[in-house]
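J.: Shown below is the structure under consideration.
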Amino acid sequence: DAKTTQPTSMDCAEGRAANLPCNHSTISGNEYVYWYRQIHSQGPQYIIHGLKNNETNEMASLIITEDRKSSTLILPHATLRDTAVYYCIVRAYGQNFVFGPGTRLSVLP
Amino acid sequence: DAGVIQSPRHEVTEMGQEVTLRCKPISGHNSLFWYRQTMMRGLELLIYFNNNVPIDDSGMPEDRFSAKMPNASFSTLKIQPSEPRDSAVYFCASSLTRDREELFFGEGSRLTVL
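The listed protein sequences correspond, in order, to chains F and P.
Just add 27 to wherever you are in the first sequence, counting from 1, and you've got our numbering.
Just add 381 to wherever you are in the second sequence, counting from 1, and you've got our numbering.
Structure (structure tokens):
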């Protein structure tokens with residue numbers, strides 16, 4: 028079973044920041060928070076992951092609360108090409124990736 | 382790098398026929414994963430290999446499904462005999478090692494069993 032809870036869908040205006048929340052209240056100390064996304068008809072694509080510190084790369088930022096029970100993926104300037112299903116996954120190294128239903132993000136012009 | 386390559390991209394077959402899906406992982410990657418995606422159950426892990434050896438096949442639905450990895454650059458997922466409920470998109474993914482954070486997925490093989 029997926030260990031995360033995400034909203035089913037969200038909308039975001041093009042050019043604005045997209046903030047995708049994820050709850051993982053039962054996360055263990057050795058589990059990381061990962062984000063993948065799946066654009067229609069493509070395979071999932073890795074975005075970012077973190078343990079407890081905030082992380083940033085060329086695609087997105089990951090903000091993890093101090094208690095690690097929730098996190099937010101931030102796409103700073105969403106474009107139409109960011110329309111996709113976003114998966115939040117908690118996983119310890121060596122465990123399988125278990126994908127839940129994710130959040131369907133629609134970026135609107 | 383060409384990424385993970387899957388074939389065929391689309392397959393339509395009749396119930397009872399044998400289906401073979403193929404995957405070429407990224408060169409140098411030691412772990413390979415087969416996933417299945419349906420509207421009802423989402424993305425499910427079927428099996429994964431580490432250094433060409435099957436490690437966990439607990440996600441394989443039944444004996445009609447089998448997977449092989451004869452060498453580091455090739456894997457197959459076979460369904461025999463196929464049934465309409467096997468209709469799905471089958472994804473292959475590879476990673477540098479078992480523990481690596483980044484799975485690289487192929488474009489998927491869309492299977493329709495009539």
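Every residue, glycine too, gets a C-beta built ideally from N, C-alpha and C.
Going residue by residue through the region 416–450 of chain P, where are the continuous alpha helix (DSSP H) segments of at least 4 residues, counting only ones entirely within it?
T.: Fully enclosed alpha helix (DSSP H) runs of 4 or longer: not present.
J.: Mind checking which residues open and close the beta strand (DSSP E) that includes A469 of chain P?
T.: Your numbering for residue 469 of chain P matches position 88 in the second sequence. A469 to S476 is the span of the beta strand (DSSP E), which, as asked, contains A469 of chain P.
J.: Take the Cβ of L495 of chain P as the centre, count every other Cβ of all protein chains shown within 10 Å, and call the residue buried at 16 or more, exposed below.
T.: What you label residue 495 of chain P is simply residue 114 of the second sequence in a count that begins at 1. That one is exposed.
J.: Excluding the five sequence neighbours on either side, which residues of its own chain have a C-beta within less than 7 Å of the C-beta of K79 of chain F, listed in chain order?
T.: By one-based count along the first sequence, residue 79 of chain F stands at place 52. So the qualifying residues of the chain are I91 and R95.
J.: Under 8 Å, Cβ to Cβ, is there at least one residue of chain P near P103 of chain F?
T.: As a working note, residue 103 of chain F is residue 76 in the first sequence. Chain P contact via Cβ: absent.
J.: Give me the chain F residues within the contact set of G487 of chain P, using Cβ-Cβ distance strictly less than 7 Å, ordered along the chain.
T.: Here the question's residue 487 of chain P lines up with position 106 in the second sequence. Ordered by position in chain F, the residues that pass the 7 Å Cβ test against G487 of chain P are G70.
J.: How big is the Cα-Cα spacing for N81 of chain F and S456 of chain P?
T.: The count along the first sequence starts at 1 and reaches residue 81 of chain F at position 54. The count along the second sequence starts at 1 and reaches residue 456 of chain P at position 75. Approximately 37 Å between the Cα atoms of the pair.
J.: Run through chain P and tell me which residues come within less than 7 Å of Y120 of chain F, C-beta to C-beta.
T.: For the purposes of this step, residue 120 of chain F is taken as the residue at position 93 of the first sequence. What Y120 of chain F touches in chain P: D480.
J.: Evaluate contact between the region 482–491 of chain P and the region 437–452 of chain P, counting only Cβ atoms and requiring at least three cross-stretch pairs below 8 Å.
T.: no
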